[in-house]
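Visitor:
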Amino acid sequence: MAKATRVLYWFRTDLRVHDSPALHAALALNPEVLYPVWTWDPEYVFSHRVGVNRFNFLLESMHDLSAALTTRSPESRLLVVRAPPQMAIPALCRQWKITHLVYERDTAGYAAIRDSEVVKRVRALGGTEVLAVHGHTLYDPQRVVAANHGKPTMSLASWRKAAQGLPEPERPLPPPEKLPPPGDTDLGDAFTRKNQPIGCDTDLNEDTRETELHCYDHIAGPNNEFAIPSMDELGLPPATTSIYGGETEALRRLDAYCRDKVRVATFAKPKTSPAEFDPPATTLLSPYLKFGCLSSREFLWRVRDAVDEYVKSNGDAKKSKPASKPPENLEGQLLFREMYYAAECAQGINFGQVRGNSICRFIDWKLPNQYAADGSKLVPRPRGNAVDEERFQSWKEGKTGFPWIDAIMRQLRLEGWIHHLARHSVACFLTRGQCYISWERGAEVFDELLIDWDPCSNAGNWMWLSCSAFFSSYYRVYGVKSFPEKFDKTGKLVRKFCPELAKFPDKYIYAPHTAPIDVQKKAGCIIGRDYPMPILDDKLEKERCISRIKMAYKKGYHGDHEAVLSERATAELEGAHDKGSESADRAADSGDVGEGVGDGPAGSGIGRGGEGVQVDQRSRSDEQGTRKSKRAGGVQNSEGSSKRRKTDRKVDEFFSKK
DNA sequence: CTCTATGTTGTAGTG
DNA sequence: ACACTACAACATAGA
């Protein structure tokens, strides 16, 4: 008699039961038992910047999935194992006598490296087959890359050319009606914290934690029930977003959006308003696609069906708007995602940074990533020039003195989501538009604050916006006033997220510092006191950025060039800038706190005089000496906290001294 | 080799 | 409301 099939189904970026090719493949094995497992990876908890809203979304999605599993088998639920998957998955395969490990393939970044390690160890055990099934995107990125001769897809055109020979995405699979139960979940004696160490040098989310972290106290959670962790166990305060996670919510949103056939069929992304927020002008489905709560094929076919219906019912009506087409329509939005996935898949882990990244143009940004002699990234990053650090901090906190930028950054922090063109606005401002700060810094902030952050789309878009790859028209700069005025002359987004500006007349809403003082008084908001003066002269900095990028383009270095790896490139360009029209006002780059503080652009008068950037000083002083490690005793982390320097502490000190 | 068309999403001014 | 221009100008594919 044949050995019974025992499946471990490993959930990761596929938190759904509808249209899951991997889950379908697992069930096609006709297993006797199916263990639905989630590994609560310390990498995600400590080494990725994940803010409260994304953690909350993930936990809600896990709960929703677990309920969906239980509906299909009363004994089934999501089994959360709190250990690194590289160790835990092989150990579980052995302990539970797993014959087949099945999961949805993930080609992106850390995940790809993690999975190959897991597979190596599982195969070494013998007795367990591994099934990695594509399902996160419409096309298998690996096949697209192969069709593109192993090279990253750098434009939608090249992506299309590569994908056209591949099979079209099929109709979505229905959710399974029933599931096999999990087997005995005893972990045995061999499964200890000693074998499953939570080793981590840095806790990048330390600043976000308010209480001690307890989620690693027991491998199978409190009471050994494999429970889904809570925000409390993570030491995190409650989420602030109004966006709820889960497959149920994803399908509800998709239904609601597709009800308006005209809107779906005539959707044109560049024309949707980044100033709309209640409800937003776009689908807001990106967080669900990111976590796989929504299948991309489900989205594609629902949209296609809605468009078909629109076209049929409007066949004779000559006057009605024609259906929009890629790249601007909804299907086109998915295609960009495909392009970024294929580009990342070919490029590998350095897709998210400049160094070593052959597709990424080298531009001598301020505050770039820094690396040790052995090539490892310095975490936390050493402090840069005071002016640049101040600009970065103001941008991050939404205190630049430009209401359009600030409103977006505050919306991002509060909601964990902002409109695509809002992302463009703030990304352009930070990098090539005004601040000339590395896109790596901006990407890091988005990583922390966006629920939908994913290493392909987001890093890809940061390279796009900073004219580092995919896009190169660096002279087209989004205006901080002109751009939002195209969409909303009344400043709704600003009034909502910068309430101190709510009473300004429309005329000044995007540039309140230009309002006469009596207008400011009447609005109950004095610029420089109740809302910051602009931190820089946007027009002047725009011209400066364009000329600097022009010079960097002329050099023509990319991230994999020897001059970049040896860090000679920055100095070379610095020299070129100095020979050009650059004055010495920002030349001192190694400056400490104190040097150049308060210096705005020469002669602009901006950033001087008044208070400049206003920083909330609440609780800053008690953060400095008394803050202890937020990790509980059960966690193995030798000497970490004393060595650890806080990324933002020095910036905090800098502001509180002012 | 040069030349041209194309590329989701700029601004400011004119008509 | 929309279409056009100049601005200063990029990379790439294909002829």
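For what it's worth, full-length UniProt numbering labels the leading residue of the first sequence as 1, then goes sequentially.
For each residue, glycine too, the CB sits at the ideal point set by N, CA and C.
None of the values given here were measured: they were computed from a predicted structure.
List the endpoints of the continuous beta strand (DSSP E) containing residue 6.
Guide: Start and end: 6 to 10.
Visitor: What are the boundary residues of the beta strand (DSSP E) that includes residue 38?
Guide: Start and end: 33 to 39.
Visitor: Measuring CA to CA, which of 66, 114, 13 is closest to residue 349?
Guide: Per the Cα distances, 114.
Visitor: On a CA-only basis, which of 31, 26, 202, 448 is nearest residue 55? Give me that one, please.
Guide: When only C-alpha atoms are compared, the closest one is 448.
Visitor: Are the CB atoms of residue 275 and residue 492 nearer to each other than 9 Å?
Guide: In this structure, residue 492 lies closer than 9 Å to residue 275 by Cβ.
Visitor: Taking C-beta to C-beta, are residue 13 and residue 111 nearer than 9 Å?
Guide: Yes. Within cutoff.
Visitor: Between which two residues does the alpha helix (DSSP H) containing residue 334 stretch?
Guide: Segment 330 to 347, the alpha helix (DSSP H) holding residue 334.
Visitor: Sort 407, 463, 402, 41 by Cα distance to residue 220 and report the nearest one.
Guide: Looking at the Cα atoms, 41 is the closest of the given residues.
Visitor: Excluding the five sequence neighbours on either side, which residues of its own chain have a C-beta within less than 6 Å of the C-beta of residue 265, listed in chain order?
Guide: 307, 310, 323, listed in sequence order.
Visitor: Run through the DSSP bridge pairs and tell me what residue 138 is partnered with.
Guide: Answer is none; residue 138 lacks a bridge partner.
Visitor: Counting C-beta neighbours from all protein chains within 10 Å, is the total for residue 188 16 or more, i.e. buried, or is it exposed?
Guide: Under this definition residue 188 is an exposed residue.
Visitor: Residue 382 to residue 534, Cα distance in whole Å?
Guide: Those two C-alpha atoms are separated by around 26 Å.
Visitor: Please give me, in chain order, every unbroken run of the alpha helix (DSSP H) with length at least 4 that falls completely inside the stretch 295 to 320.
Guide: For the stretch 295 to 320, whole alpha helix (DSSP H) runs of length 4 or above, ordered along the chain, are 296 to 313.
Visitor: Evaluate residue 66 with the Cβ neighbour count: other Cβ atoms within 10 Å of its Cβ, from every protein chain shown; 16 or more gives buried, anything less gives exposed.
Guide: Classification for residue 66: buried.
Visitor: Classify residue 347: buried if its beta carbon has 16 or more other beta carbons within 10 angstroms, exposed otherwise.
Guide: The residue is buried, with at least 16 neighbouring Cβ atoms inside 10 Å.
Visitor: Going by DSSP, what residue range makes up the alpha helix (DSSP H) through residue 420?
Guide: Looking at the DSSP string, the run of the alpha helix (DSSP H) that includes residue 420 is 420 to 428.
Visitor: Considering only the beta carbon of each residue, do residue 419 and residue 267 sit closer than 9 Å?
Guide: No, Cβ-Cβ distance for residue 419 and residue 267 is not below 9 Å.
Visitor: Quick one: what does DSSP say residue 354 is sitting in, helix, strand or coil?
Guide: Three-state result, residue 354: coil.
Visitor: Suppose you measure from the CA of residue 520 to the CA of residue 37; what does that come to, to the nearest Å?
Guide: When rounded, the distance between both Cα atoms is 58 Å.
Visitor: Could you spell out where the beta strand (DSSP E) holding residue 132 opens and where it closes?
Guide: Its beta strand (DSSP E) spans residues 129 to 133.
Visitor: Do residue 22 and residue 81 count as a contact pair if the criterion is CB distance below 9 Å?
Guide: Contact flag unset, no.
Visitor: Going by Cα to Cα distance, which pick from 517, 294, 489, 499 is closest to residue 506?
Guide: Checked all of 517, 294, 489, 499; the closest Cα to residue 506 is 489.
Visitor: Classify residue 451 as helix, strand or coil using the three-state DSSP reduction.
Guide: If DSSP states are grouped into helix, strand and coil, residue 451 belongs with coil.
Visitor: What is the rounded straight-line gap between the Cα of residue 197 and the Cα of residue 84?
Guide: Approximately 8 Å, taken between the alpha carbons.
Visitor: Note down, in chain order, each residue of its chain lying with its Cβ closer than 7 Å to the Cβ of residue 440, except the 5 sequence neighbours on either side.
Guide: Excluding sequence neighbours, residue 440 sits near 353, 354, 368, 369.
Visitor: Tell me which same chain residues have a C-beta within less than 7 Å of the C-beta of residue 76, skipping the five on either side of it?
Guide: Same-chain partners within the cutoff: 36, 69, 70, 179, 181, 182.
Visitor: Cα-Cα, which of 343, 364, 545 is closest to residue 157?
Guide: Among 343, 364, 545, the Cα nearest to that of residue 157 is on 343.
Visitor: Taking just the CA atoms, how far does residue 426 sit from residue 270?
Guide: Approximately 16 Å between the Cα atoms of the pair.
Visitor: Return the first residue and the last residue of the beta strand (DSSP E) that residue 100 is part of.
Guide: Where residue 100 is concerned, the enclosing beta strand (DSSP E) stretches over 100 to 104.
Visitor: Based on Cα-Cα distance, which residue from 19, 15, 24 lies nearest to residue 39?
Guide: Comparing Cα positions, the closest option is 15.
Visitor: If I measure Cβ to Cβ from residue 524 and keep anything under 6 Å in the same chain, skipping five residues before and after, which residues do I get?
Guide: If we look at residue 524 and ignore the five residues flanking it on each side, its Cβ neighbours are 503.
Visitor: How would you call residue 600, buried or exposed, if buried means at least 16 neighbouring beta carbons within 10 angstroms?
Guide: Confidence at residue 600 is low in this model, with a pLDDT of 35, below 50, so its placement is unreliable and the value that follows should be read with caution. Classification of residue 600: buried, given that the 10 Å Cβ count is 16 or more.
Visitor: Among the residues of its own chain, which have a CB less than 6 Å from the CB of residue 148, if the five just before and after it don't count?
Guide: Hits under 6 Å: 162.
Visitor: Check for me: the alpha helix (DSSP H) holding residue 565 runs from which residue to which?
Guide: Its alpha helix (DSSP H) spans residues 562 to 565.
Visitor: Please report how far the alpha carbon of residue 61 lies from the alpha carbon of residue 290, in whole angstroms.
Guide: Their backbone Cα atoms lie some 11 Å apart in a straight line.
Visitor: Expressed to the nearest angstrom, what Euclidean distance is found between the alpha-carbon atoms of residue 72 and residue 30?
Guide: Approximately 15 Å between the Cα atoms of the pair.
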